[in-house]
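Enquirer: This is the structure, below, for whatever I ask next.
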Amino acid sequence: MARCIAQALEGSNVSVVLKRTEDLKSPREVLAADIIIIGSSTHFWNMDWQTKRLFDEVLYPIYVHRKQKLKDKIATCFTTSEIEPSGRQCLESINRAFGDFGAQVLPGLVITNDVPKDKAKAMVRRFVRDILRTWKAATR
């Protein structure tokens, strides 16, 4: 799903850096972005451990030392899950963290495992369209 989102953004002339959460090592990598999109699989109604580690170890210094440092950033997330309610709960936990950092938080995207590929692609296109609309309005 991350690649599909990246391709949709690149098709809109947006520069995209696609990284696995476990490959992010420095808060600077996140601070350099205008739009932050984090993906996580859903485990027990929550974000996966790699995403939790990202917030706890990589992003925590921003939270402690630079309150509201993400206030000029747009942030959102996406997840895959077995059922919609657990995916929504996962997104809520990620978006609460983004809110603590002061980011402008957009609704996330849940795609359940039973969604056909063509429908998932359409959902991604709508998700990206909404992100870009908000970003363009914020940069005017």
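Count along the sequence shown starting at 1, add 151, and that's the number in this note's numbering. Think of the CB as a built atom: it goes at the ideal place given N, C-alpha and C, for glycine as much as any other residue.
Can you tell which of P236, R247 and I187 has its C-alpha closest to the C-alpha of L169?
Expert: Nearest option by C-alpha distance: I187.
Enquirer: Between the C-alpha atoms of P236 and A184, what's the straight-line distance to the nearest angstrom?
Expert: Roughly 30 Å separates the two Cα atoms.
Enquirer: Assuming the contact rule is C-beta atoms closer than 8 Å, A254 and K224 should be a hit. Round their C-beta distance to whole Å, please.
Expert: Correct: roughly 5 Å between the Cβ atoms.
Enquirer: Could you tell me which residues DSSP puts in a beta bridge with G190?
Expert: DSSP, once it has assigned bridges, lists F229 as partnering G190.
Enquirer: Kindly identify the DSSP beta-bridge partner or partners of I262.
Expert: In DSSP, I262 forms a bridge with T231.
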